[in-house]
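S.K.: Let me begin by handing over the structure; questions about it come next.
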């Protein structure tokens, strides 16, 4: 082998070594950034200590998630009993009046319990009635408008 071919081979090996060195420097930089993120920039912490911290933090988060899940279940149960499904039906109680001034409003919880309020407007006065509702029906006789309001509120519920 000639001296020139040895020089070319040595130069090729040097370039290859330089490329490998650059790739390794980039990978070491990535590893260093990942390690710094793991140890929160504290150079005095060893890898096992950082992993122990991270694992402990994950356990705390799991406990908090379980606690929040329990609280959410409790809130959902409480919310089911609130009067939050509302429907209003407006109508003319008497054919000679315009403007649909009379109304029936149903206010129910998730079980269909609550009340229906009816206000009947006439030329001379207005009367208001309240009837209890359980399971979507009442022990008092319901007008068609009251039944319609309860039905609409139950649809809002579904």
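Residue numbers (my numbering): 2 to 159. Think of the CB as a built atom: it goes at the ideal place given N, C-alpha and C, for glycine as much as any other residue.
1. Just the Cα atoms here: how many angstroms apart are residue 92 and residue 125?
2. Can you list, in chain order, the stretches of the beta strand (DSSP E) that have 3 or more residues and sit fully within the region 59-108?
3. Hey, out of 5, 25, 95, 32, whose CA is closest to residue 127's CA?
4. From what residue to what residue does the alpha helix (DSSP H) around residue 19 run?
5. With DSSP collapsed to three states, give me the class of residue 124.
6. Suppose contacts are defined by Cβ-Cβ distances below 8 Å. Is residue 136 in contact with residue 115 by that definition?
7. Would residue 72 and residue 105 qualify as a contact pair, given that the criterion is a beta-carbon distance under 8 Å?
M.R.: The structure says:
1. What you label residue 92 is simply residue 91 of the chain shown in a count that begins at 1. What you label residue 125 is simply residue 124 of the chain shown in a count that begins at 1. Their backbone Cα atoms lie some 17 Å apart in a straight line.
2. Runs of the beta strand (DSSP E) inside the region 59-108: 86-92.
3. Start at 1 with the first residue of the chain shown, and residue 127 comes out as number 126. The residue with the shortest Cα to Cα distance from residue 127 is 95.
4. On the chain shown, position 18 is the one that residue 19 refers to. Unbroken alpha helix (DSSP H) run through residue 19: 4-40.
5. As a first step, residue 124 is located in the chain shown; it is residue number 123 there, counting from the start. Residue state, collapsed to three classes: coil.
6. Here the question's residue 136 lines up with position 135 in the chain shown. Here the question's residue 115 lines up with position 114 in the chain shown. Cβ atoms of residue 136 and residue 115: not closer than 8 Å.
7. Here the question's residue 72 lines up with position 71 in the chain shown. Here the question's residue 105 lines up with position 104 in the chain shown. No, the pair does not count as a contact, with Cβ atoms beyond the cut-off.
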